[in-house]
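Under numbering that gives the first Met the number 0, the sequence shown has 22 at position 23, and the numbering climbs by one with no breaks.
For every residue, glycine included, the Cβ atom is placed at its ideal position computed from N, Cα and C.
Remember, it's a predicted structure, so these values are computed and weren't measured experimentally.
Right, one structure below, let's go through it.
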Amino acid sequence: MKHTILTLAAAAVLFAACGTKQENNTNEEQTENNITTMEFKNVNERVNMGAKLYVTPQPALMIATYDAEGNPDVMMAAWGGQYEGNQVCFQLSSHKTTENIRLNKAFTLSFADARTVAESDYFGIASGRDVKDKVAHVGFHCTKSQNVNAPIIDEYPLAMECKVVELIERENDGAFVVGEIVNAVADPAILTDGKIDIKKLNPLVWDGSSLNYFTLADSVGKAWNSGMALK
């Protein structure tokens with residue numbers, strides 16, 4: 000059952016990262032052609048959007064790894080997420096990060112935030128195969144994790160140290176990755192009463208429909224609480 004879930008998730012997860020622009024454009028053209036030849040039934044007065052609408056928003060995830068020479072690398076990725084209670088999952092196409100994860104079986108996962116939008120977006124545009132040290136290129140710094148063989152990017156205030164527990168090879172040198180969170184390290188500046196304060200973290204979210212980054216608004220309710228009045 001778990002492998003079935005992995006296969007379905009791998010088919011559903013898409014990464015917005017460097018080196019995929021031409022491939023994505025081709026896929027979009029094919030999708031648009033399919034939409035123009037298909038007929039959809041209307042639901043009340045709603046507008047049919049076809050099959051192009053993404054699940055949105057998505058976190059702007061920063062995956063940091065070491066290469067064979069010990070150089071740090073980081074890429075921005077979208078459409079990854081939680082897999083189990085202490086596990087994360089995502090699919091990679093052929094990237095420097097994919098090679099590094101195969102090599103070290105480890106990575107750190109951070110979140111882009113409003114302060115780092117330009118640098119974080121660059122990490123998704125530039126390929127680690129072309130730029131030897133993207134971290135230094137933007138003036139960022141890293142510290143080696145004490146728990147896994149991967150770098151922690153100092154400018155991101157929250158990092159999850161992860162070891163790879165499952166890696167399913169995909170076509171075209173890609174891979175579906177499941178990582179177990181060994182530990183998380185947080186800058187005290189983003190904590191309130193010892194817990195992560197989402198407003199202090201101020202993470203970016205990515206909208207696949209408009210290709211824009213957004214920040215989060217205020218809380219509008221309490222999980223597993225706001226609906227109790229309707230029981």
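Same chain only: Cβ atoms within 6 Å of residue i, ignoring 5 sequence neighbours per side
i	result
M159	L108, I180 and A183
Residue i versus the options, residue with shortest Cα-Cα distance
i	options	result
W78	S208, Q145 and K194	S208
C141	A63, T55 and V42	A63
L215	W205, Y82 and G69	W205
I197	N211, S218, W223 and L166	S218
D132	N171, T96, L166 and C88	T96
T55	C88, L210 and R45	L210
C161	H136, C88 and Q57	C88
Per-residue DSSP class, three states only, for residue i
i	result
A113	helix
N182	strand
T142	strand
N85	coil
A105	strand
L190	strand
L229	helix
D120	helix
T3	Residue placement at T3 is flagged as unreliable, the pLDDT there being 39, under the threshold of 50; a coordinate-derived value is accordingly withheld.
V219	coil
L210	coil
Residue j beta carbon less than 8 Å from that of residue i
i	j	result
Y65	N146	no
V176	I100	yes
I152	M48	no
V116	P71	no
M74	F122	yes
Q86	G178	yes
Cβ separation of residue i and residue j, assumed to be a contact under 8 Å, to the nearest whole Å
i	j	result
I189	P150	Incorrect: roughly 19 Å between the Cβ atoms, too far for contact.
G173	L91	6 Å
S126	A59	Not confirmed; about 18 Å, so no contact.
V163	A105	6 Å
S93	N43	No, S93 and N43 are not in contact; Cβ-Cβ is about 44 Å, not under 8 Å.
Neighbourhood of residue i by C-beta, 8 Å cutoff - its chain only, sequence neighbours within 5 removed
i	result
L200	F110, D112, P156, L157 and I189
Y212	A59, A111, V116, D120, L203, V204, W205 and D206
Close-in-space but distant-in-sequence residues of the same chain around residue i (CB under 7 Å, 5 per side omitted)
i	result
K143	P150
A67	L102
Any non-hydrogen atom of the ligand HEM closer than 7 Å to residue i Cβ
i	result
G207	What this structure holds is no ligand at all, so the ligand HEM is not there to describe.
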